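Each remark here refers to the structure printed beneath this line.
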Amino acid sequence: MQRIESIEELDDKTKEACELFLKIAKDEGLNVKITETYRSKERQEYLYAQGRTRPGKIVTWTLKSKHMERNAFDIAKDELGHEYDDLDFFRKAAEIGERIGLEAGYYWTDGQQDMPHFQMNFLSRVKYPDGYRK
133 MQRIESIEEL DDKTKEACEL FLKIAKDEGL NVKITETYRS KERQEYLYAQ GRTRPGKIVT
193 WTLKSKHMER NAFDIAKDEL GHEYDDLDFF RKAAEIGERI GLEAGYYWTD GQQDMPHFQM
253 NFLSRVKYPD GYRK
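The sequence shown begins at 133 in the working numbering and counts up one residue at a time.
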């Protein structure tokens, strides 16, 4: 199952938001790495099986992810061995995402928090903070 990390695979609006997110994160001192963008149906089914019919921790809660629509991306801290253990990193990343119009899985409160996940919803628009432009 191939994992796709290229932002070129994202929908135009989501790609625009991702590029802005990465720029602001860098400017604010966050060392961010994109870990996944587009997901095929087969990959989504494979990930969904993890923790259910395959060994491992549950990593997704749906068979119809925004990744499959090219409207989501996942991140990690770009520091070997510490990709997912810095809660402050994910909090700051989520704040940036929300500021520019992304929905951040960090804020999900239904027992399915997904700190690395960001998605662009259908009616959302990319918001450019002062000092940034398209």
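Idealized CB from N, CA, C, for every residue including glycine.
Please read these numbers as outputs of a predicted model, since none were measured by experiment.
Quick check on residue i: buried or exposed, where buried means 16 or more other Cβ atoms within 10 Å of its Cβ?
i           : result
residue 261 : exposed
residue 237 : buried
residue 241 : exposed
residue 264 : exposed
residue 172 : exposed
residue 247 : buried
residue 244 : exposed
residue 134 : exposed
residue 206 : buried
residue 198 : buried
residue 179 : buried
Using 8 Å as the threshold, is the C-beta distance between residue i and residue j below it?
i           : j           : result
residue 215 : residue 208 : yes
residue 164 : residue 225 : yes
residue 195 : residue 176 : yes
residue 95  : residue 142 : In the structure displayed, the chain extends from 133 to 266; residue 95 sits before or after that span and is not available.
State the CB to CB distance for the pair residue i and residue j, rounded to an integer number of angstroms; the pair is presumed to be in contact (CB under 8 Å).
i           : j           : result
residue 145 : residue 139 : With a Cβ gap of about 12 Å, residue 145 and residue 139 do not count as contacting.
residue 230 : residue 253 : Not a contact, Cβ separation roughly 12 Å.
residue 130 : residue 137 : Since the first residue shown for the chain is 133 and the last is 266, residue 130 is missing from the structure and cannot be characterised.
Using 8 Å as the threshold, is the stretch 184-193 in touch with the stretch 154-161, meaning 3 or more CB pairs across them?
no
Inside the stretch 142-217 only - beta strand (DSSP E) runs reaching at least 3 residues:
164-168, 204-209
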